Amino acid sequence: MEVGFLGLGIMGKAMAANLLRHGFRVTVWNRTLSKCDELVAMGAAVGDTPASVVAKCKYTIAMLSDPSAALSVVFDKDGVLEQIGEGKGYVDMSTVDAATSCKISEAVKQKGGAFVEAPVSGSKKPAEDGQLVILAAGDKALYDDMVPAFDVLGKKSFFLGEMGNGAKMKLVVNMIMGSMMNAFSEGLCLADKSGLSPQTLLDVLDLGAIANPMFKMKGPSMLQGSYNPAFPLKHQQKDMRLALSLGDENAVSMPVAAASNEACT
Ligand SMILES: NC(=O)C1=CN([C@@H]2O[C@H](COP(=O)(O)OP(=O)(O)OC[C@H]3O[C@@H](n4cnc5c(N)ncnc54)[C@H](OP(=O)(O)O)[C@@H]3O)[C@@H](O)[C@H]2O)C=CC1
Ligand SMILES: O=CCCC(=O)O
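Whatever position you read off the sequence shown (first residue = 1), add 17 for my numbering.
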């Protein structure tokens, strides 16, 4: 199966590498083209523009920072829209809002192409290990075509129905995660400043009802003050902001998320 891959950041690089390791023919593109070099060394081809990748590949995946980047890659000069068409599919796995997904979907469909939004839960290591959770929505036929790729990229894929449901599910998940991480950070600080051992707190939490893989993974690094980004704070804050907008659209009061968003800013 030949796949185009647009966006080789923390996630995209790991995901494209995974596809290559599993025998997919992959043509990559990144705004900063030099980031393609590592994937080329693994056997990837390179496209000069998003349009050239879409022209070459029946299916193209994108993994980009935010709504602005996702829209730019589709609508700008040399973008996806210049080459998408009948028989081609575009899959955006970035974390964006539903309105962005729907705008891309309408434009791709007008050109005769098919579109699936498929944001993911799971960070850098799950991306490297093919253990992401894929939250897809949109064109069911394209989703079905992409299952072999999704099965390599993730441990579970959900098809959530109409366009926008993938984006909304992802934003709800990351709103909860951002709120949890704020409480976790405050708890570690309170333990430390009140004379308790933060390590003992990690041990207690890991044995109790609120034990979870994220605290177990992030806790030790936080105690060591090691913050090598797996999920950049700018993206978590983007997600909190988009989730709060989703709350506003649905008249849902979210004071915890609002406070957490302020802490991310
Ligand atoms: N990191 C994580 O743990 C997770 C991240 N996500 C989501 O996945 C997406 C990618 O995240 P991540 O890989 O961490 O982010 P990075 O910041 O590492 O990479 C962002 C990518 O987007 C590209 N980009 C940014 N702006 C533009 C633009 N205007 N035009 C074209 N390309 C652009 C960057 O290109 P360049 O290299 O040129 O800057 C890069 O390839 C985000 O939506 C994020 O919220 C989802 C799950 C987990
Ligand atoms: O969007 C990124 C979330 C990171 C994770 O799910 O661990």
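A virtual CB, placed ideally from N, CA and C, is assigned to each residue, including glycine.
Model, not experiment: these values are computed from the prediction.
Beta carbon of residue i nearer than 8 Å to that of residue j
i: Thr77; j: Leu25; result: no
i: Leu177; j: Ala200; result: no
i: Thr282; j: Gln254; result: yes
i: Ala86; j: Val108; result: no
i: Val125; j: Cys74; result: no
i: Gly130; j: Gly102; result: yes
i: Ala31; j: Val43; result: no
i: Gly181; j: Ala115; result: yes
i: Ser196; j: Ser122; result: no
i: Ala79; j: Val90; result: yes
i: Leu81; j: Ser111; result: yes
i: Lys185; j: Leu263; result: yes
i: Gly106; j: Asp65; result: no
i: Lys157; j: Ile27; result: no
i: Leu261; j: Met271; result: yes
i: Gln216; j: Leu240; result: yes
i: Met194; j: Met234; result: no
For residue j and residue i, believed in contact at Cβ under 8 Å, the rounded distance
i: Val133; j: Tyr160; result: 5 Å
i: Ser118; j: Ile151; result: Going by Cβ atoms, the distance from Ser118 to Ile151 rounds to 14 Å, so no, they are not a contact pair.
i: Gly171; j: Gly147; result: 7 Å
i: Val57; j: Trp46; result: Going by Cβ atoms, the distance from Val57 to Trp46 rounds to 12 Å, so no, they are not a contact pair.
i: Asn35; j: Val137; result: At roughly 12 Å, the Cβ-Cβ gap does not stay under 8 Å, so Asn35 and Val137 are not in contact.
i: Pro84; j: Val113; result: 4 Å
i: Leu218; j: Leu205; result: 6 Å
i: Lys120; j: Leu98; result: The pair is not a contact, with the Cβ atoms about 11 Å apart (cut-off 8 Å).
i: Ala247; j: Phe41; result: Not confirmed; about 24 Å, so no contact.
Residues that DSSP places opposite residue i in a beta bridge
i: Asp109; result: Ala79 and Glu134
i: Ile151; result: Val137 and Ser174
i: Gly21; result: Thr44 and Thr77
i: Val63; result: Val45
Cβ-based burial, residue i [other Cβ within 10 Å; buried from 16]
i: Gly60; result: exposed
i: Asn191; result: buried
i: Val164; result: exposed
i: Lys94; result: exposed
i: Asp54; result: exposed
i: Pro67; result: buried
i: Gly212; result: exposed
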